[in-house]
Amino acid sequence: MSPASVALVGLDCVFPGAPGPDAYWDLLMRGGDATGEQPVARRFGPGYETPVRGGFIDDAEVFDNDFFTVSPREAAAMDPQQRLLLQCAWRAVEDSGRSPRSLAGGDTGVFVGMMGSEWGQLHLGDYGRVTPQLGAGSSAGMAANRISYHLDLKGPSLSVDTACSSSLVAVHLAVNSLLSGECGTALAGGVNLILTPALGLVYAQMGLASPDGRCRPFSADANGIARSDGVGVVVLRRLEDALADGQRVYAVIRGTAVNQDGRSNGVTAPNRHSQREVVAAAYRRAGVTPEQVRFVEAHGTGTALGDVIECGALGEVHGVPREEPCAIGSVKGNLGHTEGAAGIAGLIKVALALHHRIVPASRFADRENPQLRLAERGLALLKAPVRLPAGEVVAGVSSFGMGGTNAHAVLAAAPRTARTRRRRAAAAPTGVFTVSADTPEALRRNLAAQAEAVAARPRGDAAALCWTSNRVKTGLPYRAAFTASDTVELAAALRGAAEDARLAAGIADRAWRPPVIGFLFTGQGVQDPGMTAGLYRQSPLYRSRLDEADAALAPYLGGSVRDLILAGDPAVHRTRWAQPALFAVGHALAATLSGLGAGPHVVLGHSVGEFAAAVTAGVLTLDQAARLVAERARLMDALPEGGGMLSVRAGREAVEEFLTTGVSLAAVNGPENTVLSGTLEALERVAGVLRGRGTHCRTVNVSHAFHSPLMVPALEPLASAAAGITPAAPRVPLASTRYGRLLADEPMDGAYWAGQAAEPVLFADALADLVVRTAPTALVEIGPAPQLIQLVGRSGMSDGIRLLHPAPGRDAGARDLAETVAALYRSGLEPRWEELYEPAWRTTERLPPYAFSAEHRFWHTATARPRTDAAPPVPAEAAASGPATAAAADLGRPDGGERDGGEDPVLAAVVRAVVEVGDYAPERVDRRSRFYEDLGFDSVMIMQLKDRIETSLPQAGGIAVQQLLPALRSVGTLADFVGEWISVGVRP
Numbered sequence: 001m002s003p004a005s006v007a008l009v010g011l012d013c014v015f016p017g018a019p020g021p022d023a024y025w026d027l028l029m030r031g032g033d034a035t036g037e038q039p040v041a042r043r044f045g046p047g048y049e050t051p052v053r054g055g056f057i058d059d060a061e062v063f064d065n066d067f068f069t070v071s072p073r074e075a076a077a078m079d080p081q082q083r084l085l086l087q088c089a090w091r092a093v094e095d096s097g098r099s100p101r102s103l104a105g106g107d108t109g110v111f112v113g114m115m116g117s118e119w120g121q122l123h124l125g126d127y128g129r130v131t132p133q134l135g136a137g138s139s140a141g142m143a144a145n146r147i148s149y150h151l152d153l154k155g156p157s158l159s160v161d162t163a164c165s166s167s168l169v170a171v172h173l174a175v176n177s178l179l180s181g182e183c184g185t186a187l188a189g190g191v192n193l194i195l196t197p198a199l200g201l202v203y204a205q206m207g208l209a210s211p212d213g214r215c216r217p218f219s220a221d222a223n224g225i226a227r228s229d230g231v232g233v234v235v236l237r238r239l240e241d242a243l244a245d246g247q248r249v250y251a252v253i254r255g256t257a258v259n260q261d262g263r264s265n266g267v268t269a270p271n272r273h274s275q276r277e278v279v280a281a282a283y284r285r286a287g288v289t290p291e292q293v294r295f296v297e298a299h300g301t302g303t304a305l306g307d308v309i310e311c312g313a314l315g316e317v318h319g320v321p322r323e324e325p326c327a328i329g330s331v332k333g334n335l336g337h338t339e340g341a342a343g344i345a346g347l348i349k350v351a352l353a354l355h356h357r358i359v360p361a362s363r364f365a366d367r368e369n370p371q372l373r374l375a376e377r378g379l380a381l382l383k384a385p386v387r388l389p390a391g392e393v394v395a396g397v398s399s400f401g402m403g404g405t406n407a408h409a410v411l412a413a414a415p416r417t418a419r420t421r422r423r424r425a426a427a428a429p430t431g432v433f434t435v436s437a438d439t440p441e442a443l444r445r446n447l448a449a450q451a452e453a454v455a456a457r458p459r460g461d462a463a464a465l466c467w468t469s470n471r472v473k474t475g476l477p478y479r480a481a482f483t484a485s486d487t488v489e490l491a492a493a494l495r496g497a498a499e500d501a502r503l504a505a506g507i508a509d510r511a512w513r514p515p516v517i518g519f520l521f522t523g524q525g526v527q528d529p530g531m532t533a534g535l536y537r538q539s540p541l542y543r544s545r546l547d548e549a550d551a552a553l554a555p556y557l558g559g560s561v562r563d564l565i566l567a568g569d570p571a572v573h574r575t576r577w578a579q580p581a582l583f584a585v586g587h588a589l590a591a592t593l594s595g596l597g598a599g600p601h602v603v604l605g606h607s608v609g610e611f612a613a614a615v616t617a618g619v620l621t622l623d624q625a626a627r628l629v630a631e632r633a634r635l636m637d638a639l640p641e642g643g644g645m646l647s648v649r650a651g652r653e654a655v656e657e658f659l660t661t662g663v664s665l666a667a668v669n670g671p672e673n674t675v676l677s678g679t680l681e682a683l684e685r686v687a688g689v690l691r692g693r694g695t696h697c698r699t700v701n702v703s704h705a706f707h708s709p710l711m712v713p714a715l716e717p718l719a720s721a722a723a724g725i726t727p728a729a730p731r732v733p734l735a736s737t738r739y740g741r742l743l744a745d746e747p748m749d750g751a752y753w754a755g756q757a758a759e760p761v762l763f764a765d766a767l768a769d770l771v772v773r774t775a776p777t778a779l780v781e782i783g784p785a786p787q788l789i790q791l792v793g794r795s796g797m798s799d800g801i802r803l804l805h806p807a808p809g810r811d812a813g814a815r816d817l818a819e820t821v822a823a824l825y826r827s828g829l830e831p832r833w834e835e836l837y838e839p840a841w842r843t844t845e846r847l848p849p850y851a852f853s854a855e856h857r858f859w860h861t862a863t864a865r866p867r868t869d870a871a872p873p874v875p876a877e878a879a880a881s882g883p884a885t886a887a888a889a890d891l892g893r894p895d896g897g898e899r900d901g902g903e904d905p906v907l908a909a910v911v912r913a914v915v916e917v918g919d920y921a922p923e924r925v926d927r928r929s930r931f932y933e934d935l936g937f938d939s940v941m942i943m944q945l946k947d948r949i950e951t952s953l954p955q956a957g958g959i960a961v962q963q964l965l966p967a968l969r970s971v972g973t974l975a976d977f978v979g980e981w982i983s984v985g986v987r988p
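For the sequence shown, this note's numbering assigns the number 1 to the initial residue and increments by one for each residue that follows.
This is the structure:
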């Protein structure tokens, strides 16, 4: 395959009788006729007094304006072609295996072909109704720009009008832009919507219109053109880039060409020589010869002159010795002529044929026009679908403009790629399936769509589906995530979530901002034989990190702590092994989560857990910490036995009386959780007294009296072991349980670690300081059993904080890790999902596209002729935003709020002005509504808003735009500014 090849990696389309690519393929394969009479709702204005036949898409007036943050007023002013393109482009990017939000800020280009704007013809002639929104909404040039704007794409963005070849010319421009390096991804497409009879009248007067409203390409019964609606968008990338990213490739564009008829029999007359040359030029660029081309999707309008000239041109190229004739056909026989979208309709047909390796039959092939002399020209119409052979297959697409601009593209089947073999496992791998949407209701709608699609699949592993959802169905504020290992489990989870009463009531996770994550590293006492062994077997990432920690510890231990853990050896309870084992597990869990993009913003370690915390914070290297932990464990293990620790369900003041000889305060874990340390006899005596008072006590599973004076013999040797270590400053804040607060500039040197071993663990104080100063939204316990998050839960400081644990017990495995990542994703994290899956499962599967809302409809109500009297400024919305939409938009906000301004007349006036400018339902706007993110305001609307506020509040006159801009964070901040302006009487 040539290095100058371009991969078609995603597509979406809406054509008559085909609301999506699957329906389009079904229409082609069954040879369906999608033409019919024009719907009554589309017959507005003069010229439509009698029914017109053609191809008409359903629901052309439907647009999810809230999703794209477009105000109702602007949506009503937009050409429906722009609205159709926006939604089609979003779905096409999703089909390419990427989230549209992932392209934001990048160099993606947008190339759109369309034949002007009949919408503009209907509206701009009525000068009394002209507005800035209508001006932008009626511009053909804005069609591509809208996509670039709403998806935040920074590459080339242009619309092209070469009449009926517009969209294939747009593809040609996109291909060249990619190959020149101008952009890395390109969206190319076309759109057509029949809104006036004008072009149909032109066709009729030129003798090109079909009297019965059907295109019959290459048929003896061909009698002209039938007009048709349609929209299609493809996603293109350089082939090498697409393959490197593992994207599915529908087909490969090997070469394209565009030329012009020049001076021929007339500006609208086709030129056989130019058509022949554009095909030949495309073949040269593609590096193919005519006999290699298996089939051509022809322009094929079904006009007498057009069919004869096109077949003559194709025959001059393909009339060469070959084993079988080149098949030709035209989708216009199924759809009618989609004009500006004709080229993209043909391109998508060919791409799907190459992808499915079957060419649909050509409609009306049963009555071939003998004047075309197809057989002697090396051409043939397909009367039945033809299965394509294995290996490379080459096909062509032609599209010719009425003004003489001709385009041809050469496509080939996607290259075969080697898939990484999926190793057999005792259990199916667990993945996280993600869904995101712009409102709770949209989340419910999309959950239901995904549930239906997954349920329709045969039972199988869900990991590849989950991986695809992570790449495609993320980035929007309302989020759901589910762990699953097979499709049956996944479908049930999706269905259950879609039917959840809380979601139906509008309660859903909303990611207002990324989470602030704190890691809590567990101390000694929770070690367990076989801890995290299941996770080690199931997670390659965790496995590599535990191996890494084991390799760092082995030189200092004289053995493998990893092997000890995996063997379930009870020796793990001995201090010599317990502390290194907990350190290894803590480091491996922290590094695993960090590798998944869920690293901490602050860390806290309980006792020996502080060593792994120090590594995670960058204070110690892994080797430095491993050496210290191993030496600490050796020194403490060598101390005389006879000591222990006692956990008391009481506050510090309740145990003060027992802090005498033989008993020390070892830890303050919470307002009602204290740990004592000392000799076993002394602790047994204290426990008896406390239990007699009804106080719960529990012996901690440790071998020595840690954090007590009994540790003194080990302190000097430990400090000496750390003498050669120079600790670094923390890269992330570290809450010290020795000092009971976040570290300032104190070094974690030998003196620190010696003192830390003997002094009390001030966990409660350190946690309180951490919560106050860093405001975490999630605290994750890094250890083999839930201990610290239970303490946090009882501390009274956990409100608004998610408490998570990726390894909750001996049987914990990859699912628990995945559940933690899923919870953080719902909180706003964008994980590095690829690290959760082995390479064999990182394959793209097809998922249903985003299910947009069909609640809002924007359409035109025409007058017979332009008016000059006063009139409403823009076309009205057929179904205005109602309470349901308003409720959906507000659901998930962290607080409520007044909607109508309450008793504040300034707020009420500002709300009314916003409602008027945006044409919002009054209940849709309150003081928390954000102008840009929620209401879709732009600079033009801001100026209109300023004028309306000054009209309703004359005392607010004189505010300069520069003074107004800082107040435009929300409706409330603007009302506060205007109110202060009026009350203080500020003037420039």
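Cβ atoms here follow ideal geometry from the backbone N, Cα and C, with glycine treated the same way.
Item                                                                                                                       : Value
Option nearest Ala654 by Cα separation, candidates Val700, Gly287 and Asn673                                               : Asn673
Bridge partner(s) assigned by DSSP for Glu368                                                                              : Ser219
Start and end residues, beta strand (DSSP E) containing Ile328                                                             : Cys326 to Gly329
Simplified DSSP assignment, three categories, for Met206                                                                   : coil
Range covered by the alpha helix (DSSP H) that runs through His150                                                         : Met142 to Leu151
Contained alpha helix (DSSP H) runs [length at least 4] in the region 681-754, N- to C-terminal order                      : 712-721
Residues that Met941 bridges to, as DSSP identifies them                                                                   : BP columns for Met941 are empty, so no partner.
CA nearest to the CA of Tyr250, picked from Gln756, Val235, His355 and Gly312                                              : His355
Selected residue, minimal CA-CA separation from Ala768, among Glu933, Met797 and Ile789                                    : Met797
For Ile194, three-class secondary structure by DSSP                                                                        : coil
Touch test, the region 659-669 against the region 704-711, Cβ-Cβ under 8 Å, three pairs minimum                            : yes
Gln81, buried or exposed, once every other Cβ within 10 Å from all chains shown has been counted against 16                : buried
Val171 versus Asn192 - alpha carbon distance                                                                               : 16 Å
CA nearest to the CA of Ile942, picked from Pro966, Ser210 and Val686                                                      : Pro966
Arg42, buried or exposed, once every other Cβ within 10 Å from all chains shown has been counted against 16                : buried
Extent of the continuous alpha helix (DSSP H) run through Phe763                                                           : Phe763 to Thr774
Alpha-carbon to alpha-carbon, Asn406 and Cys164                                                                            : 9 Å
Assumed close pair Glu631, Leu718 - CB separation to whole angstroms, cut-off 8 Å                                          : 6 Å
Leu85 vs Leu151 beta-carbon contact at 9 Å                                                                                 : no
Local conformation of Cys183 per DSSP, three classes                                                                       : coil
Proximity winner among Pro72, Glu392 and Cys215, relative to Glu936 (alpha-carbon distances)                               : The sequence given here places Gly at residue 936; Glu does not occur at that position. Checking every option, the nearest Cα to that of Gly936 belongs to Pro72.
Cut-off 7 Å between Cβ atoms - residues of its own chain near Asp811, not counting five sequence neighbours on either side : Gly534
Nearest-angstrom beta carbon gap, Leu803 and Leu779 [assumed within contact, 8 Å]                                          : 6 Å
Nearest neighbour of Leu379, chosen from Gly403, Val394 and Val293 [CA to CA]                                              : Val293
Inter-residue spacing [alpha-carbon to alpha-carbon] between Gly559 and Leu635                                             : 17 Å
Paired residues, beta bridge with Met645 - DSSP                                                                            : Ser677
Val359 to Val317 span [Cα, whole Å]                                                                                        : 21 Å
Within 9 Å, strictly: CB atoms of Phe111 and Ala188                                                                        : yes
Which listed residue (Arg543, Pro515, Gly597 and Thr679) has its alpha carbon closest to that of Gly586                    : Arg543
CB of Ser167 within 9 Å of CB of Ile328, strictly                                                                          : no
Cβ neighbour criterion (16 or more within 10 Å) applied to Glu37                                                           : exposed
Neighbour-count burial assignment, Pro39, 16 or more Cβ in a 10 Å radius                                                   : exposed
Nearest candidate by alpha-carbon position, reference Ser539, set Ala492, Ala505 and Gly595                                : Gly595
Backbone secondary structure at Thr434 - three-state DSSP                                                                  : strand
Reduced DSSP secondary structure (H/G/I, E/B, other) of Ala18                                                              : strand
Cβ neighbour criterion (16 or more within 10 Å) applied to Ile959                                                          : buried
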